[in-house]
Amino acid sequence: MASNSELFERAARVIPGGVNSPVRAFRAVGGTPRFIARGEGAYIVDAEGKRYIDYIGSWGPMILGHGHPAVLEAVQRAAIEGFSFGAPTEREIELAEEILKLVPSMDQVRLVSSGTEATMSAIRLARGATGRHKFIKFEGCYHGHTDALLVKAGSGLATFGHPTSAGVTPGAAADTVVLEYNNVEQLEAAFAEAGHELACVIIEPIAGNMNFVRASLPFMTALRRLCTQHGALLVLDEVMTGFRVGLGSAQAHYARLIPGFAPDISTFGKVIGGGMPLAAFGAKREVMQHLAPQGGVYQAGTLSGNPVATACGLATLREIQKPGFFESLSAKTRQLVDGLKAVAAENGVPFSADSEGGMFGFFLLPELPQNYTTVMTTDKERFNRFFHAMLDAGIYLAPALYEAGFVSAAHSAADIDATLAAARTALR
Ligand SMILES: *Cc1c(COP(=O)(O)O)cnc(C)c1O
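For the sequence shown, this note's numbering gives the first residue as 246, with consecutive numbering after it.
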């Protein structure tokens, strides 16, 4: 049996940094990444046979836990029928119908294979539909790794962004305006200056890529109003929050709090694939008609709407619609978050935490931060000590202070209790 460190060394010889997605390398927290051999419900088991309570759930998709019997059966049946045909299948319609039934802001949806593709295509669609080039994104939000989205704020108000990655040209970043999350004043100023040139604004409604930061109600209200006033489209990136924070996703949550609220374009991923490579973007028919083959905005994919992936996604979406699913998941997640707050208070550690549905975040900060700059004021050394102490105790939290956490339906009250017991000694 190879150890995690032997596997990491072997991986690093053939895969850059030893991983196929950077966050897996544990660079933020240090130490050796765990190579996972298998998952079982709420647990993952590493190459050395050590079992962990899994609070990553593949970064969101595994809302039912690992190896849910109904999902397994659907995937096995689909695999026998065929892996891929490059021709339409009935299951694509079924999945589209299922998604549209749950998200009334969309009339049509296009299936793709990753969240990156979904947001990239959503931006292109917004540009094609409006005939405008520029768009706004917010610091701390992650929308996948396409060039125009790998951009951070320049200095000063509403300046155009700078690439955050080598290999992204200034040209690719030139039409991306980067603003501070939850800053209404800055948003108003940016629209006043460039509103007529904006194709869209893209936002994570509950940002899960700077830990867990909610868009405030005044901010979301202003965003919707300004987009409508200036003819820009509002793109909600729900790749993480979609079918994770509730059955209607984050947009249903905001629609309950802001009368008439709805996005123009939505993107989904993670949960809708149930762990398979599947994502989607959708909108009202007037917007979606701009897409090829009907319209002039090109978008395609050899494996889009893959038969095995759609089976996995459909089975997952059917399970989460069972009565009481989200009530139970939310209660469990809240129990974890409240428990952690109580432990931190006992130990005298500055701490704040929040959750919605099966998604949560916690901060070694006295109050919930409202933007990326504040998130990054976290005591990194203390977070890393906590992370490693929990990992040693068999609790697998996200290996970076700027990532959200996830609870699945497979987590039991005993798992939550075991997590809190570990935190009692780890959180110091
Ligand atoms: C994960 C994520 C993406 C990118 O999805 P991939 O499938 O990793 O390409 C985009 N947006 C958000 C909000 C995400 O959380």
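A virtual CB, placed ideally from N, CA and C, is assigned to each residue, including glycine.
Item	Value
Indicate, with yes or no, if ligand 1 has a heavy atom lying under 7 Å from the CB of Y300.	no
Regarding N265 and ligand 1, is the C-beta to nearest heavy atom distance less than 7 Å?	no
Once you ignore the five residues that flank A403 on each side, which residues in its own chain have a CB closer than 8 Å to its CB?	Only weak support exists for where A403 lies, its pLDDT of 48 falling under 50; the coordinates are left without a value.
Compute the Euclidean distance between the alpha carbons of L548 and A668, then round it to the nearest angstrom.	43 Å
Should the region 632-643 be regarded as contacting the region 292-301, the criterion being three or more beta carbon pairs within less than 8 Å?	yes
Quick check on F456: buried or exposed, where buried means 16 or more other Cβ atoms within 10 Å of its Cβ?	The identity of residue 456 in the sequence shown is Asn, whereas the question assumes Phe. N456 is buried by the Cβ-count criterion.
DSSP on M604, reduced to helix/strand/coil?	strand
Which whole-angstrom value describes the C-beta separation of V620 and R673, a residue pair presumed to lie in contact below a C-beta threshold of 8 Å?	With a Cβ gap of about 21 Å, V620 and R673 do not count as contacting.
Could you tell me whether the region 483-495 touches the region 504-518, where touching means 3 or more Cβ pairs closer than 8 Å?	yes
Buried or exposed for S266, please, with buried defined as at least 16 other CB atoms from any protein chain shown within 10 angstroms of its CB.	exposed
Looking at the C-beta of R322, does it have a partner C-beta in chain D at a distance below 8 Å?	Among the chains of the structure shown, chain D does not appear; only one protein chain is present.
What is the residue span of the beta strand (DSSP E) that C445 lies within?	443-448
Given this structure, state the Cα-to-Cα distance separating A537 from A589, to the nearest angstrom.	53 Å
Measure from the alpha carbon of L502 to the alpha carbon of each residue in H388, F570, S461, then state which is nearest.	S461
Going by beta-carbon coordinates alone, are A524 and S329 separated by less than 8 Å?	no
Note down the Cα distance separating Y387 from S575, rounded to an integer number of angstroms.	24 Å
Output the distance between the C-alpha atoms of R470 and H441, rounded to the nearest integer angstrom.	14 Å
Would you mind listing the alpha helix (DSSP H) stretches within the region 312-347 that are 4+ residues and don't spill past its ends, in chain order?	314-326, 335-347
Taking the CB atoms as reference points, tell me whether A411 and V396 lie closer together than 8 Å.	no
For R673, does the three-state DSSP call read helix, strand or coil?	coil
Going by DSSP, what residue range makes up the beta strand (DSSP E) through V290?	288-291
What would DSSP say about Q353, mapped onto helix, strand or coil?	strand
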